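Student: Chains as they are written, first to last, in the working numbering: chain A, 1267 to 1837; chain B, 27 to 722.
Sharing a structure with you now.
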């Protein structure tokens, strides 16, 4: 009987369930919308050496490697001998946490019978961290907010009150920020409680044996998948690049990728230098998105842990935009970071054809508005202020055998907020939020559609619009003959074109008209199944003009569909 | 006449079987008869009539003597899963045509590059828009022009729709535009059925509300026609009594309400199961119960506090991707809150790329069934593993109607799992059941933590065909000390229907911060909700007392998740800001350890549940152990907790008298199933027929 193996399988499942519980507890108690509505958080369990054993699946590939690496930094900075039962540590160091000051990582050591057996760590995005506020406009990390080095928040059960006091004094929403930090403490505590129950049920005094089992199996499984990829690759090495909007000047990302027998190497030498504005990316975040992209394509079913991530070696030269060092500004590192997978896939497509999607909108189409009464507002009683952040997605790239997903986040996994909830958060009105026809790139498989939004304020209010978009000048490019996706468009309702990034004023009575980008197509459009073209036209994913001019339907075919639609015969 | 003197029939149409339970009052007690008939999909009423005749025959009565029929059905759920609804259109606010298609704009599976999202119930060409707009405080920003509605209605008539859903932004605050659309439709297309989002699901969050009203419209013609056919067939059988429907929230509504709001029938069968468990909990005076219902394809787990199943305002139906959260469609109606996972007797096992055994959600179903059924199934199912481990008697399954073939089970386990993992069939079976039990335990744990509960204080009540085989082990895994397995476990949902009260929950999304608490508005709001809910219940029962339960959903301003806070009638009628604050903080602390100082608190949803008083349950004292039960045989049984084979005592459930006990390892057999008692547990027969299994 191989009893041990069965019991260990059960324990591994249980550890994954423990971190899922940890993440749930965080969502239930969090304040920041990005955590509770959109899933911008992470949670994981580590062994005593700081190796990540399991991580909850949440909306944030960006935290994958960063989380895996962070506990090691805590061990190094605090020292094992200085760790005690009842301690809790924290940081928002962009380079030792998850890439910008708005992410707070909290680590709690787990002691069982007086012995340190592991750690729980969790991260969430807080509503404010002081400085200039959330945006790309800072020139260095010093302007982006309060920096919290790795330190003890709770020392043997004793909360560091002077620190909490200092924090409260430095952020715009002190109650919520402190509430969110204690939500992190609570969720680690729930993880610890479940872990202790599990250890007592299975008679464990430490995690070493189960850790070895998990790491060994994950490593084997990852290596097997890499070996398969190595066998299937059509050449040894590929280099690809992609140019994107940047802040004031375009940025080029370059990836050099090779698949070896037992590892995958990805280097970003040749990418643009640091940008002056806060769109630079610390290496941990680069590694996370590059590794996420590679894992999806090569080893998607292996859970994230120290061993399953190790074979993916991601490097970038110091102080290029993808390895920004202190004190570069990094607040909006996601705008560039979320475009890394497209760059990596451009290279991977040369090594493993028919595996990866075409380029997509990729960067989330997020914006923040700061609303206030305009001077001409007559009825002052209805005046109000508001800070509203929304998450939105354009179209994803078409796949080798499927159309791209419309208005769906990739590589990020976060959710949008309901319009009705957003309109309760301040005097904002979303006049439109729907699919953008003709925005998906042409192809045998069509790119996913982007979306239209129209944003205004309640009568008598004006606002600042903080744009965080890309793909205005550089739309998603098609693969294997597929067409490009439509570009981002942003203008005021009076027709004045707005910038894709940065804070911009919108006067009372005007709206911001947004067209978010589509994903690119895959393969030649001539090869697209006519039935799919007919359906696309019937559903209005493509216009009559596009159906005829670009997809090659005859006028007769199109009119037949129109007749059938009137009679309700399609669907 | 109260329920005690009525002859009542409970009918549950399930995926495979239609269960019928008849209760006939006697001088002292109530006699209960049950039958199981195969569900007749083409005309589901046929199975009901068959089953009804069978139980009437057993009871020696004629159908016309039946005083009341309570009915629950999976037909609504199936129509949504199989997309077999009516030709339906949606009329929505201009600019928001794609809400039900864009969903949450996220992927429910992060690592699958070839992920497919579920298609919306209505394709884009069936979604029409009108120019209009309500603001977030219910004020009209753009008035709806009647002429615009007429244009759309004309198109709808020309396209020949049977049913129309109306979902406009912020209509939960102001329904006047939705009503105008209905008015025009009624005038110009009276034959078209109409559903308004402000009536079906008056709650904030447009994706959930629109999807719910679309689902309602989509299944309305089908359910309306089924219910009227059923009434006709019953009349033909001379059954003149009223028919009521079980709804998703665990209460009963009139057949007219059901036809108007058929989406409320979704998952009514499992809701009946939860009511069944709640009734047993009341009998034993148990305040904390976990109900565990395991059938052929899925297992359902529900928390029952103080004899009331936990309820929720939104759930997901028709999950398309391994029961994964987010892969189905949200329905926001009052519902008994359950987790459902793809783990049943027929769930199939395989080995994944990590060399781990995975079980479900694919199921062998009834054809071909598990390998041991000997009907051509080649993959190992949970039942195969149960057989190989000695939990099932090959000759005594389903009352001896199916002979289980252990050789087939061994082969399937060896080929699919053993060869790949270098294990023998027994070890593979052990691995398989441990994985499926662990999956269920994990689902229960996560559900408990989402609700801030600690399962170790709970009693489990287990029913459904496969539950008694797995419940003991599940209790070991969850640290639950007490387990009850009721008699009649195979038709638990249908019995549950007969225990349910008439009830209806009315609710509204109205945002109010405690710092801006308006007691007049609150009073009025509760009054309106109470009269709306009470009216529904009055339709069902003219004479009974109607109780009102008041509940609000609250959170700290800035949080996204509300917690339910119950109010007494007095607290609702004389609302005070301080009372609300105190109740919220108490509840929050119970769930998450500590309140958050200095934050404003807000109320988001207001609900009043009107209900007839629950059945008076005769409490029974828990019976302590008396005589050693009569052991009919001894057989080998594999014990996962000990990882070894033990000699298990075999006891026939019907031979057990009150107080008879058996110490595990033991197998208590009966016609429908087998109860496995692990070595760590002791089983005692109770006066009401339950088997009480307690940790030693």
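Note that the Cβ used here is the ideal one computed from N, Cα and C, for glycine as well.
Predicted model, so just to flag it, every value in this text is computed and none were measured.
CA-CA distance, residue 76 of chain B and residue 1387 of chain A?
Tutor: Using only the alpha carbons, I get a separation of about 59 Å.
Student: Taking beta-carbon pairs under 8 Å, can you tell me which members of the stretch 1664–1695 of chain A lie near chain B?
Tutor: Result list: 1665, 1667, 1668, 1671, 1672, 1673, 1674, 1675, 1676, 1679, 1680, 1681, 1682, 1684, 1685, 1686, 1687, 1689, 1690, 1695.
Student: The alpha helix (DSSP H) spanning residue 82 of chain B covers which residue range?
Tutor: Here the alpha helix (DSSP H) through residue 82 of chain B covers 70–85.
Student: Less than 8 Å between the beta carbons of residue 1309 of chain A and residue 1384 of chain A, yes or no?
Tutor: It is not a contact, given that the beta carbons lie outside the stated cut-off.
Student: Just mark residue 1494 of chain A as buried or exposed, buried being the case when its beta carbon has 16 or more other beta carbons within 10 Å.
Tutor: By the neighbour-count rule (16 or more Cβ atoms within 10 Å), residue 1494 of chain A is not buried but exposed.
Student: Are any of the Cβ atoms in chain A nearer than 8 Å to that of residue 133 of chain B?
Tutor: Answer yes: the Cβ-Cβ gap between residue 133 of chain B and chain A drops below 8 Å somewhere.
Student: For residue 1343 of chain A, which residues from the same chain have a beta carbon less than 6 Å from its beta carbon, with the 5 sequence-adjacent residues on both sides left out?
Tutor: Around residue 1343 of chain A: 1416.
Student: For residue 1476 of chain A, collect the residues of the same chain with a Cβ closer than 8 Å to its Cβ; drop the 5 residues on either side in sequence, then sort them by chain order.
Tutor: Contacts found: 1274, 1277, 1278, 1281, 1319, 1470.
Student: May I ask you to list, following chain order, the residues of the stretch 1724–1748 of chain A that have a beta carbon less than 8 Å from some beta carbon of chain B?
Tutor: From the stretch 1724–1748 of chain A, only 1724 have a Cβ closer than 8 Å to chain B.
Student: Would you please verify whether the beta carbon of residue 682 of chain B is less than 8 Å from any beta carbon of chain A?
Tutor: It does not; no Cβ of chain A falls within 8 Å.
Student: With a floor of 4 residues, list each alpha helix (DSSP H) that falls wholly inside the stretch 405–490 of chain B, ordered by position along the chain.
Tutor: As far as the stretch 405–490 of chain B is concerned, its whole alpha helix (DSSP H) runs of at least 4 residues are 408–414, 432–439, 451–476.
Student: For residue 68 of chain B, count neighbouring Cβ atoms within 10 angstroms of its own Cβ and tell me buried if that reaches 16, exposed if not.
Tutor: It counts as exposed.
Student: Does DSSP put residue 690 of chain B in a helix, a strand or coil?
Tutor: Correct three-state label for residue 690 of chain B: coil.
Student: Identify whether residue 27 of chain B lies in helix, strand or coil by the three-state DSSP scheme.
Tutor: Residue confidence is low: residue 27 of chain B scores 47 on pLDDT, short of 50, so the model does not pin down where it sits. Its coordinate-derived value is still stated next. Looking at residue 27 of chain B - three-state DSSP - the assignment turns out to be coil, as it is neither helix nor strand.
Student: Report buried or exposed for residue 1350 of chain A, applying the criterion of at least 16 other Cβ atoms within 10 angstroms of its Cβ.
Tutor: Label assigned to residue 1350 of chain A: exposed.
Student: Please confirm whether residue 1496 of chain A has its beta-carbon closer than 8 Å to some beta-carbon of chain B.
Tutor: Not one chain B Cβ lies under 8 Å of residue 1496 of chain A.
Student: Runs of 3 residues minimum, wholly inside the stretch 1550–1628 of chain A: which ones carry the beta strand (DSSP E) assignment?
Tutor: Entirely contained in the stretch 1550–1628 of chain A, the beta strand (DSSP E) runs reaching 3 residues are, in chain order, 1578–1581.
Student: Are the Cβ atoms of residue 535 of chain B and residue 414 of chain B separated by less than 8 Å?
Tutor: No, Cβ-Cβ distance for residue 535 of chain B and residue 414 of chain B is not below 8 Å.
Student: Is it true that the CB of residue 281 of chain B sits closer than 8 Å to the CB of residue 273 of chain B?
Tutor: Not closer than 8 Å, so no.
Student: Name the chain A residues that come within less than 7 Å of residue 410 of chain B, Cβ to Cβ?
Tutor: The premise fails here: residue 410 of chain B is roughly 16 Å from chain A at the closest Cβ pair, so nothing lies under 7 Å.
Student: Quick check: what's the CA-CA separation for residue 489 of chain B versus residue 45 of chain B?
Tutor: Their Cα atoms are separated by approximately 14 Å.
Student: Can you tell me which residues form a DSSP beta bridge with residue 329 of chain B?
Tutor: Note: residue 329 of chain B sits in a beta bridge opposite B/316.
Student: When you compare the CB positions of residue 684 of chain B and residue 711 of chain B, do they come within less than 8 Å of one another, or not?
Tutor: In contact: residue 684 of chain B and residue 711 of chain B (Cβ atoms closer than 8 Å).
Student: Could you pull the start and end residues of the beta strand (DSSP E) that residue 494 of chain B belongs to?
Tutor: Looking at the DSSP string, residue 494 of chain B is not in any beta strand (DSSP E); the run it does join, the alpha helix (DSSP H), is 493–504.
Student: Residue 267 of chain B to residue 697 of chain B, Cα distance in whole Å?
Tutor: The straight-line gap from Cα to Cα measures roughly 33 Å.
Student: What residues from chain B crowd round residue 1758 of chain A, counting only those whose CB sits closer than 9 Å?
Tutor: Within chain B, no residue comes near residue 1758 of chain A; the closest Cβ sits about 18 Å away, beyond 9 Å.
Student: Are the C-beta of residue 1481 of chain A and some C-beta of chain B separated by less than 8 Å?
Tutor: Answer no: the Cβ-Cβ gap between residue 1481 of chain A and chain B never drops below 8 Å.
Student: Listing by chain order, which chain B residues have their CB less than 8 Å from the CB of residue 1280 of chain A?
Tutor: Going along chain B in sequence order, the residues near residue 1280 of chain A (Cβ under 8 Å) are 464, 468.
Student: Under the three-state reduction of DSSP, which class applies to residue 614 of chain B: helix, strand or coil?
Tutor: Residue 614 of chain B: helix per DSSP, three-state reduction.
Student: Would residue 1389 of chain A pass as an interface residue toward chain B - the criterion being a Cβ-Cβ separation below 8 Å?
Tutor: No, because no Cβ of chain B sits closer than 8 Å to the Cβ of residue 1389 of chain A.
Student: How would you label residue 546 of chain B, buried or exposed, when you count the other beta carbons within 10 angstroms and need 16 or more for buried?
Tutor: Answer is exposed; the Cβ neighbour count stays below 16.
Student: So with CB distances below 9 Å, who are the chain B contacts of residue 1658 of chain A?
Tutor: 131, listed in chain order.
Student: Between residue 32 of chain B and residue 572 of chain B, what straight-line distance do the alpha-carbon atoms span, to the nearest angstrom?
Tutor: So the alpha carbons of these two residues sit roughly 20 Å apart.
Student: Does the Cβ of residue 1686 of chain A have 16 or more other Cβ atoms within 10 Å, making it buried, or fewer, making it exposed?
Tutor: Answer is buried; the Cβ neighbour count reaches 16.
Student: If you draw a straight line from the C-alpha of residue 1551 of chain A to the C-alpha of residue 1435 of chain A, how long is it?
Tutor: Taking the straight line joining both Cα atoms gives about 29 Å.
Student: Return the chain-ordered list of same chain residues with a C-beta closer than 7 Å to the C-beta of residue 179 of chain B, the five sequence neighbours on each side being excluded.
Tutor: Only 210, 211, 214, 215 meet the Cβ criterion.
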